[in-house]
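Taking it in order: structure first as structure tokens, then the write-up.
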Amino acid sequence: MIDITTWLDGFLKALSHNFENRVWFVGLQGSYGRGEATETSDIDVVVILDELAASDIWEYNTMLDTLPHRELICGFLSGKNELRSWEPSDLFQFYYDTAPIKGSLDELLTVIDEAATRRAIKIGACNVYHGCVHNMLHEKSEDILRGLYKSASFVVQAIAFKQTGKYIKHQKDLLDVVSADERMIIETFLNLKNGDAVELDAMSEELFAWAKKQITEGN
0 MIDITTWLDG FLKALSHNFE NRVWFVGLQG SYGRGEATET SDIDVVVILD
50 ELAASDIWEY NTMLDTLPHR ELICGFLSGK NELRSWEPSD LFQFYYDTAP
100 IKGSLDELLT VIDEAATRRA IKIGACNVYH GCVHNMLHEK SEDILRGLYK
150 SASFVVQAIA FKQTGKYIKH QKDLLDVVSA DERMIIETFL NLKNGDAVEL
200 DAMSEELFAW AKKQITEGN
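Structural data, given as structure tokens:
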């Protein structure tokens, strides 16, 4: 597996060489950020510059092409003013799922209030609902369903935060605090993550019913 500490050292040196003093924040998201990475995990890196021009995007791409494991590198690139003005409901997951490497995102907390958390839950549930119905009718894809359960697990994280005031980073730890409906979603997500077979129709119906309830009865 990739030694992420060594990889980050090389990444930060390349970033400093290409953008000098313009780097406002660097962080890790996803499985490397949570300490759950496997051999095939993406390197989900966040970079926020003082400002971002189209030329910076191309320069960043060229820089990434020089780094090892290019095929696994993904993530988020932005200017700081855009991030400060971002839709607050999107910033909920972004902030809490980002492990800082350089700098801090703490100033975002001024806009991630209760209303933003509730909106993150509602928008997330609506997206899962739409994706689930579309997949049941058209693609009928096991991979899409796996992705929808992953998205639903993020919604459950926001629900747990709203209820407890604490962000629970590891989905397995949600099982101890959420209700039976949310526990069912997390259990299915974890089973799929561990390689269990997809029961396309039954799991789709389960997810659809959960998303529908969140949209119509959630608060």
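Position one of the sequence shown corresponds to residue 0 (numbering that gives the first Met the number 0), numbered consecutively onward. Don't be surprised by glycine CBs; every beta carbon is placed ideally from N, CA and C.
query: Range covered by the beta strand (DSSP E) that runs through Val22; result: Val22 to Gln28
query: Residue from Val127, His137, Ala157 and Lys12 with nearest C-alpha to Arg145; result: Val127
query: Exposed unless 16 or more other CB atoms sit within 10 angstroms - verdict on Asp96; result: buried
query: Separation of Lys212 from Ala157, as counted between CA atoms; result: 16 angstroms
query: Residue(s) in a DSSP beta bridge with Ala73; result: As written in the sequence, residue 73 is Cys, which differs from the Ala given in the question. Partner(s): Asp43.
query: The region 40-47 touching the region 118-134, judged by at least three CB pairs closer than 8 angstroms; result: no
query: Proximity winner among Lys171, Asp172, Thr61 and Thr5, relative to Phe18 (alpha-carbon distances); result: Thr61
query: Neighbourhood of Val197 by C-beta distance below 8 angstroms, restricted to the same chain and skipping five residues each side; result: Glu141, Leu144, Arg145 and Leu191
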